[in-house]
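Undergrad: The structure that follows is given in the form of structure tokens.
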Amino acid sequence: MQPERLHRIAGIVDMQLTKTLGLALLLLALSACGNREVLEPYASANQSTVSLAGNWVLEGDSAAIARELNRAIRQTDGVRDDRIMAPPRQGRSRSGGSSRAQGGLTYVFFENADALKITQTPSALFISFNRAIVEEYRFGEMRRISVGQAEAQRVSGWDGPDYVVETLDRYGMKISERYSLSSDREKLVREVTFRGRNNESATVVQTFARTT
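Residue numbers for the sequence shown follow UniProt numbering, beginning at 1 and rising by one.
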């Protein structure tokens, strides 16, 4: 067989191998995306007409509760370290740091506070944490959020009389926050569940008393 023809055949074979490899990589990427968890939206309508509005103060030992939250994060973020609970993000970065790049970063979107001020409109909740940070939660929202290099899915909305906020990062770490009122509406219960990518979970319950 002539060298020129052999060279042409080799080129065709190489092209076919390249196409096959590219297709395999594309299918692998699509499979990975298909297996990635997607959060389901919550209701945008407040059918129960509950109002979470008010000023709320944390009951119990705030330092002990902060330690409990920190333990829950460490148990579920996929990284073992001796990190302490970060202070409120005023004046600090919540990028997570390069040392945690392979672990769950959803915790950087989590706010802890001794006092909450909640404003409720017909379409959203505005929660002020220690009068330093204000988060907006739009009823029925489904969006992507980011802080520095950390990105996550965010959904929030009504589940009956409770308001639920869920945040999920690409590593599979998920935080679910459920806000509910006591029967006399003088207590606000915030149930926070941290879930790791291997489905390990830890739940911390905070109770706030109405002040006004």
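Note that the Cβ used here is the ideal one computed from N, Cα and C, for glycine as well. These numbers were taken from a predicted model, which means no experiment stands behind them.
#1: Can you give me the start and stop residues for the beta strand (DSSP E) that N55 sits inside?
#2: Measure the Cβ-Cβ separation of S123 and R138 and say whether it is below 8 Å.
#3: What are the start and end residues of the beta strand (DSSP E) that includes T119?
#4: Would you kindly work out how many angstroms separate the C-alpha atoms of A209 and D77, rounded to a whole number?
#5: Identify the continuous beta strand (DSSP E) that holds S146 and give its terminal residues.
#6: Among residues of its own chain, excluding the 5 on either side of E59, which ones have a beta-carbon nearer than 6 Å to its beta-carbon?
#7: Of all the options F109, D162 and R67, which has the alpha carbon lying nearest to the alpha carbon of R144?
#8: Could you check the C-alpha separation between A45 and W158 for me, to the nearest Å?
#9: Could you spell out where the alpha helix (DSSP H) holding T76 opens and where it closes?
#10: Measuring straight from C-alpha to C-alpha, what distance separates G148 and L105?
#11: Using a 10 Å radius around the Cβ and a threshold of 16 neighbouring Cβ atoms, would you call V164 buried or exposed?
#12: Between which residues of its own chain and V205 is the CB-CB distance below 8 Å, once the five residues before and five after are set aside?
#13: Excluding sequence positions up to five away, which residues of its chain have a Cβ less than 6 Å from the Cβ of T167?
#14: Can you say whether G196 is buried or exposed, counting buried as having 16 or more other CB atoms within 10 angstroms of its CB?
#15: Under the three-state reduction of DSSP, which class applies to T106: helix, strand or coil?
#16: Taking only runs of the beta strand (DSSP E) that begin and end inside the stretch 134 to 196, which ones reach a length of at least 3 residues, in chain order?
#17: Distance check for A150 and V79, CA to CA, integer angstroms please.
#18: DSSP beta-bridge partners for residue 213?
TA: This is what the structure gives:
#1: Run containing N55: G54 to L58, per the beta strand (DSSP E) assignment.
#2: Contact: yes.
#3: Looking at the DSSP string, the run of the beta strand (DSSP E) that includes T119 is A115 to Q120.
#4: As the crow flies, the alpha-carbon of A209 is around 30 Å from that of D77.
#5: E141 to V147 is the extent of the beta strand (DSSP E) around S146.
#6: Cβ neighbours of E59 beyond the five flanking positions: T207 and A209.
#7: Of F109, D162 and R67, the residue nearest in Cα terms is F109.
#8: For A45 and W158, the distance between alpha carbons rounds to 7 Å.
#9: Following the DSSP letters along the chain, one finds T76 inside the alpha helix (DSSP H) bounded by residues S62 to T76.
#10: Taking the straight line from one Cα to the other gives about 11 Å.
#11: By the neighbour-count definition (other C-beta atoms within 10 Å, threshold 16), V164 is a buried residue.
#12: V189, R190, E191 and V192.
#13: Excluding its 5 nearest sequence neighbours in each direction, T167 has C-beta neighbours in its own chain below 6 Å: T106, F109, A152, R154 and I175, listed in chain order.
#14: Label assigned to G196: buried.
#15: Looking at T106 - three-state DSSP - the assignment turns out to be helix.
#16: Runs found: 141 to 147, 150 to 159, 162 to 169, 174 to 181 and 187 to 195.
#17: The straight-line gap from Cα to Cα measures roughly 16 Å.
#18: Outside the shown range of the chain (1 to 212) lies residue 213, about which nothing can therefore be said.
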